[in-house]
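S.K.: Have a look at the structure that comes next, please.
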Amino acid sequence: MNILKFFTAGSVDDGKSTLIGRLLYDTDSILADQLEALQSSNRKNDDGTIDLAILTDGLRAEREQGITIDVAYKYFQTEKRKFIIADTPGHIQYTRNMVTGASTANLAIILVDARNGVVEQTIRHSYLVSLLGIKHVVVCINKMDMVDYSESVYTTIIDKYKILAQQLKLKDVTYIPVSALKGDNVVQASEQMDWYTGESLLHFLEKVDTDNLDKSQLARMPVQWVIRPQTEALHDYRGYAGRVLSGTFKLNDKVTVLPSGASSTVEKIEFFEQSPDAAHAGQSVIIHLKDDVDISRGDTIVNASALPQESKLIEADLCWMDGRALDTSIMYLIQHNSKTTKCKISEILHKVDINTLEKHQADEFKLNDIGRVIIKTADALAFDLYDDNRANGSAILIDSRTNLTVGALMFRAAVE
Amino acid sequence: MSTYNFDYLDELEAEAIHILREVAGQFEKPALLFSGGKDSITLVRLAEKAFRPGKFPFPLVHIDTGHNFQETIDYRDKMIERIGEKLIIGSVQESIDQGKVVEQTGRNASRNALQTVTLLDTIAKYEFDACIGGARRDEEKARAKERIFSVRDEFGQWDPKRQRPELWNIYNGKIHKGENVRVFPISNWTELDVWNYIRRENIELPSIYFSHQRDCITRNGQLMAASPFLNMDNEDVVVNKQVRFRTVGDMSCTAAVESEAILIDDIISEISASKISERGARMDDKVSEAAMEDRKKGGYF
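Protein sequence lines correspond, in order, to chains X and F.
For the first sequence, position 330 matches number 330 in the UniProt record's numbering, and the numbering has no gaps at all.
For the second sequence, position 82 matches number 82 in the UniProt record's numbering, and the numbering has no gaps at all.
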C-alpha cells in the first residue's frame with residue numbers, strides 16, 4: 001500500500017466540498033461521533049439529506065462566514081491505498097492556497113460544473129496545475145444530475161477542455177462525469193450514465209501510478225544535519241543525515257559535494273541499525289563518504305556523473321503570496337531545501353494573466369500574482385530545473401522583516 | 001535501477017525524520033514535548049531514527065498535571081533510562097502553588113486547561129524556540145488546517161488567518177525573538193497509521209492502552225477512571241469494568257472505552273471498526289463545537 005496525495009480545484013459552487021464529503025462518506029471514512037455532529041447540524045440539502053460539504057468545514061470563523069480560509073488536509077484509506085487530500089478554498093486567496101496545496105500533490109482534480117462548462121476559473125485552475133507540474137489531472141464534470149446525465153453535454157465540455165489541455169501541455173488527463181450530490185461515479189459507478197464506460201473517481205485514484213519511486217538518475221541529497229557522536233567508541237564517526245530528494249545512491253557511487261565541488265565515494269549508508277546497499281528517493285538516511293571532506297548543513301551530495309546546475313542568477317516562475325507587494329530594491333532570503341541565502345529579484349520579465357494566459361510587462365508583483373523573474377542569489381544554488389526534478393527545482397522566498405513566506409519559486413533556467 | 005519497497009509507513013516515517021532533522025538544523029533551542037501518550041512515544045522512536053548513533057539535539061519536556069496515570073509516569077521514567085536523553089518536567093502543581101493558575105472546582109474540574117500556562121512558562125524559562133509535538137491533522141477540524149511548522153507569538157497564540165504557506169517539503173522556521181514554533185512531524189499520520197507503525201516497530205506502550213480491570217464512574221455519558229482527582233459525590237456509582245484508554249491525558253479528563261483488546265492486533269481491529277473517533281473520548285473537546293480552535297488560539301498544544 002502506498003500514498004496518493006491529491007488536491008481539488010474548484011469553487012464552492014462547483015460542489016468541491018460535496019465531492020470530498022462524498023469520497024469520505026462513501027468510503028466509510030466518517031466516524032460515528034462526527035456523523036452525529038453532522039446529523040444534528042441544521043444545514044441540510046433541499047431534499048433533507050445531509051449536506052456532506054459540512055465535513056470539510058473547519059474553523060468557527062469559516063462556519064460563521066460560510067467560507068474556507070485555508071488549506072485543510074483530509075485523510076482516508078481504502079484497502080488499496082492511503083489518500084491525503086489538500087482541500088483548497090475557492091475565494092480571493094485562491095491562487096496562494098492552491099499553489100500551496102498543489103506543491104506536494106501528484107494528482108489534481110479539477111471540477112467543472114456541467115451547467116457552465118469550461119469557464120474562466122477552469123482556465124485558472126488548469127494553468128496552476130501546469131505551472132506546478134502536477135503529473136495527473138482528473139477533470140470531474142460535476143452536477144451531471146442537473147443536466148439529465150446528458151452525454152452530449154459531457155462530450156461538448158471535454159472537447160473544449162482538450163484544447164485547453166493541449167495549450168497548457170497537460171499530458172495525462174482523465175475525464176469523469178459525476179454527481180457529487182447523488183454519488184454518481186464518485187465511489188459507486190453510476191446507474192444513470194450507461195454511456196460512460198470508464199471508472200468511478202475512487203477506482204481511478206486507487207490505481208493511478210503515484211510515481212513515489214523516482215526513477216531519475218539525478219541522485220541528490222541535501223545535508224540537513226551532521227551526526228557526530230564524539231564518544232570514545234565513535235570518535236571518528238561522521239554521518240551526513242538527509243532525505244534523498246531524487247534518484248538513488250549506491251555503495252561505492254562516485255559523488256560530488258556542492259558547492260565545494262569536492263569528490264568522494266559513498267562508503268556506507270545507514271538507516272537506524274541497518275546498513276542498506278542503496279538509498280532511494282524519499283528515504284531519510286545517513287551517508288558516509290570515504291574521504292574526509294568538509295560538509296555542513298546546506299551542502300548537497302549529488303551523483304558525480306549527473307551534476308545539477310550551479311548559478312547565482314536564475315530564471316524562475318514566481319507566485320507572490322504576501323499582502324505586501326514585491327520590493328525589487330530589498331534583499332529577501334531564499335530557502336532551497338536545507339540551504340538559505342540572501343537574494344534579490346533583479347528583474348521582472350513578465351506577469352501572466354491567469355484568466356486569459358496572456359503575458360504582459362509589469363513593474364509590480366502583488367498577492368496572487370504569477371510571472372517570470374530573474375533572481376540573484378548571494379551564494380550559488382545547486383539546483384535542477386523544476387520540470388526535470390520538482391524537489392530540487394523549487395524554493396521559497398522569505399521576507400526577513402516579517403519572516404513570512406512571501407513567494408514560491410520554480411526554477412526554469414540558469415542565466416548565463 | 002534496483003527496485004525497493006517503500007510503503008506508506010516508510011513514507012510517513014521518512015517525512016517525519018526529515019522534519020525532525022529540519023528542527024535540529026534550523027533552531028537553537030528545540031524541545032520535544034512528551035506526554036507519555038502513543039503519539040509522543042512514536043516521536044521518540046522517530047527521533048532515534050533521525051539522530052542515532054548521536055544524541056538527540058533536544059531535551060524531552062513533560063508537562064506534568066500531577067493527575068497522571070501512574071502507569072504513564074512509570075513508563076516515562078523507564079524510557080528515559082533506556083534512551084539516555086535529558087528530561088525536563090514542567091509542573092502544573094508548581095504553577096498552582098505559585099498562584100499563577102487557580103485550580104478549577106466543581107464536578108467537571110480538570111487540570112487540562114491549566115497546563116497551557118505551565119507549558120508557556122516552561123517554554124519561556126528554557127527559551128525554547130521550537131517545540132515538537134505529536135498532534136495529527138486527522139484528530140480534529142482545527143488541526144486539519146495547521147501547518148507542520150506552526151508559529152506562535154509570545155503569548156503562545158495561534159492565528160489561523162496568518163499562517164505561512166507551506167510549500168513542497170520546505171519548512172520556514174524563521175521567527176522573531178519571543179516567538180516559537182510548534183512542529184508536528186506526524187501531521188499526516190492517522191490514528192490507524194500510528195498503531196500500525198507501533199505494531200511494525202514493536203514499540204512498547206504504557207499498559208493503560210490495553211484492556212484491564214478498573215473502577216470507573218460514568219460522567220456526561222463517558223466512562224472515567226475513579227480517582228482522587230475526580231470530584232466525586234454520592235451520585236457517582238463506582239463500577240468495575242474491563243476498559244482501556246485510547247489517549248493518555250490528565251486522569252480527570254481522559255475517558256476510557258470498554259474493551260477486551262489485550263494485543264496491538266486487537267486494538268487495530270477495534271479501531272478499524274470503531275464508531276467513536278479518538279478525540280471523541282476527550283471531554284475537553286466537548287465543551288463547544290469550536291473548543292479545540294479556542295484552546296489552540298490560547299496556546300494549547
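The C-beta atom is built at its ideal place from N, Cα and C for all residues, glycine as well.
(1) Just confirm the distance between the C-beta atoms of residue 181/F and residue 150/F, as a whole number of angstroms; I'd bet it's less than 8 Å.
(2) List, in chain order, every chain X residue whose beta-carbon is nearer than 7 Å to that of residue 7/F.
(3) For the beta strand (DSSP E) that contains residue 353/X, what are its first and last residues?
(4) Please report whether the beta-carbon of residue 2/F lies at a distance below 8 Å from any beta-carbon of chain X.
(5) Assuming contact is defined by CB atoms lying nearer than 8 Å, are residue 191/F and residue 132/F in contact in what I supplied?
(6) Would you kindly work out how many angstroms separate the C-alpha atoms of residue 76/F and residue 37/F, rounded to a whole number?
(7) Alpha carbon to alpha carbon, how far is residue 287/F from residue 253/F?
(8) Beta carbons nearer than 8 Å to chain X: which residues of the segment 31-58 of chain F have them?
(9) Would you tell me roughly how many angstroms separate the C-alpha atoms of residue 83/F and residue 3/X, rounded to the nearest one?
(10) How about residue 172/F: is its C-beta nearer than 8 Å to some C-beta of chain X?
(11) Suppose only complete runs of 3+ residues qualify. What are the beta strand (DSSP E) ranges in the segment 237-267 of chain F, listed by chain order?
(12) With DSSP as the reference, identify every bridge partner of residue 222/X, one or two as the case may be.
(13) Quick check: the Cα distance between residue 180/X and residue 137/F, rounded to an integer number of angstroms?
(14) Using a Cβ cut-off of 8 Å, pull out every chain X residue sitting near residue 121/F, in sequence order please.
(15) Output, in chain order, the set of chain X residues within a Cβ distance shorter than 7 Å of residue 163/F.
(16) Within this structure, are the beta carbons of residue 18/F and residue 390/X separated by less than 8 Å?
(17) Could you tell me how far apart the beta carbons of residue 228/X and residue 54/F are, in whole angstroms, since I believe they sit closer than 8 Å?
(18) Over the uninterrupted beta strand (DSSP E) stretch that includes residue 77/X, give me the two end residues.
(19) With 8 Å as the threshold, decide whether the Cβ of residue 137/F is near any Cβ in chain X.
(20) What does residue 403/X reach in chain F if we use C-beta pairs closer than 7 Å?
(21) Counting only C-beta atoms, is residue 312/F closer than 8 Å to chain X at any point?
(22) Name the chain F residues whose beta carbon is nearer than 7 Å to that of residue 96/X?
(23) How would you list, in chain order, the residues of chain X whose beta-carbon sits under 8 Å from the beta-carbon of residue 188/F?
(24) For residue 228/F, go through chain X and note every residue whose CB falls closer than 8 Å to its CB, in chain order.
(25) Under 8 Å, Cβ to Cβ, is there at least one residue of chain F near residue 320/X?
(26) Going by beta-carbon coordinates alone, are residue 316/X and residue 373/X separated by less than 8 Å?
(27) Leaving out five residues on either side along the sequence, give the residues of the same chain with a beta carbon under 6 Å from the beta carbon of residue 262/X.
(28) Excluding sequence positions up to five away, which residues of its chain have a Cβ less than 6 Å from the Cβ of residue 35/F?
(29) In chain order, what residues of the segment 11-30 of chain F put their CB closer than 7 Å to some CB of chain X?
(30) Locate the beta strand (DSSP E) running through residue 407/X, then write down its first and last residues.
(31) How long is the line joining the alpha carbons of residue 260/F and residue 266/F, rounded to whole angstroms?
(32) Which residues does DSSP pair with residue 262/X in a beta bridge?
(33) DSSP three-state label for residue 189/F, please.
M.R.: Judging by the given coordinates:
(1) At roughly 7 Å, the Cβ-Cβ gap stays under 8 Å, so residue 181/F and residue 150/F are in contact.
(2) The contacting residues are 1, 2.
(3) 339-353
(4) With a pLDDT of 45 at residue 2/F, under the threshold of 50, the modelled position of this residue cannot be trusted, and the question is left open.
(5) no
(6) 10 Å
(7) Caution applies to residue 287/F, whose pLDDT of 43 falls short of 50 and renders its modelled position unreliable; the model cannot decide the point.
(8) 48, 49, 50, 51, 52, 53, 54, 55, 57
(9) 31 Å
(10) yes
(11) 239-245, 255-258
(12) 300/X
(13) 24 Å
(14) In chain order: nothing, as chain X lies at least about 24 Å away.
(15) 70
(16) no
(17) Contact flag correct, Cβ pair sits at about 7 Å.
(18) 72-77
(19) Output row for residue 137/F: interface = yes.
(20) Correct list: 174, 175, 176.
(21) Since the first residue of chain F shown is 1 and the last is 301, residue 312/F is not available in this structure.
(22) 165
(23) 73, 75, 84
(24) Ordered by position in chain X, no residue passes the 8 Å Cβ test against residue 228/F, which lies about 29 Å from the chain.
(25) Residue-level contact by beta carbon fails for residue 320/X and chain F, as no gap is shorter than 8 Å.
(26) yes
(27) Cβ within range, chain order: 293.
(28) none
(29) Correct list: 11, 14, 17, 18, 21, 22, 24, 25.
(30) 405-414
(31) 8 Å
(32) The beta-bridge partner set that DSSP reports for residue 262/X consists of 257/X.
(33) coil
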